Amino acid sequence: MSHARVDTSLFELHAEVCKIFSHPKRLRIIEALRDHELTVSEVVGHLGIPKANVSQHLAVLRQKRVVMTRREGLNIYYRIANPKIIQACDLMRQVLVEQLEEGERLAKRLKRR
Numbered sequence: 004m005s006h007a008r009v010d011t012s013l014f015e016l017h018a019e020v021c022k023i024f025s026h027p028k029r030l031r032i033i034e035a036l037r038d039h040e041l042t043v044s045e046v047v048g049h050l051g052i053p054k055a056n057v058s059q060h061l062a063v064l065r066q067k068r069v070v071m072t073r074r075e076g077l078n079i080y081y082r083i084a085n086p087k088i089i090q091a092c093d094l095m096r097q098v099l100v101e102q103l104e105e106g107e108r109l110a111k112r113l114k115r116r
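Residue numbers (this note's numbering): 4 to 116.
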């Protein structure tokens with residue numbers, strides 16, 4: 004397989020993964036699962052999102068291997084599959100905060116003129 008073909012496939016996979024993180028509710032679910040595993044009902048309790056909606060988003064996250072599950076009796080517990088997912092979300096959030104802060108600084112400078 005050529006180097007260019009590998010790069011293209013990797014970029015396509017990257018784009019697919021980024022699509023998963025493009026929904027605010029999925030990002031909120033990931034944040035809720037940051038430090039511990041939760042059941043669907045616990046995620047609903049944390050976020051106040053309807054259970055059907057949480058289940059749908061968790062199914063997408065599970066399909067794309069962002070979250071993993073384990074069964075204990077009747078409960079299914081969800082957890083983040085790889086801690087680097089949290090690191091990536093944190094890094095993106097830091098970039099966004101910096102951009103917002105820069106925008107505020109620019110707005111203040113423009114008001115002083």
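Positions of the beta carbon are idealized from the N, C-alpha and C atoms, including for glycine.
This structure is a prediction, so every number in the text was calculated from the model and none was measured.
As summarised for the region 45-78, the continuous beta strand (DSSP E) elements at least 3 residues long and confined to that stretch are 70-75, given in chain order. In this structure, residue 46 lies near residue 35, with their beta-carbon atoms less than 8 angstroms apart. The C-beta distance from residue 40 to residue 82 rounds to 4 angstroms, short enough to meet the 8 angstroms contact threshold. Cβ-Cβ separation between residue 64 and residue 23: approximately 7 angstroms, consistent with a contact (criterion under 8 angstroms).
By the Cβ-count criterion, residue 100 is exposed, with fewer than 16 other Cβ atoms from all chains shown falling within 10 Å of its own Cβ.
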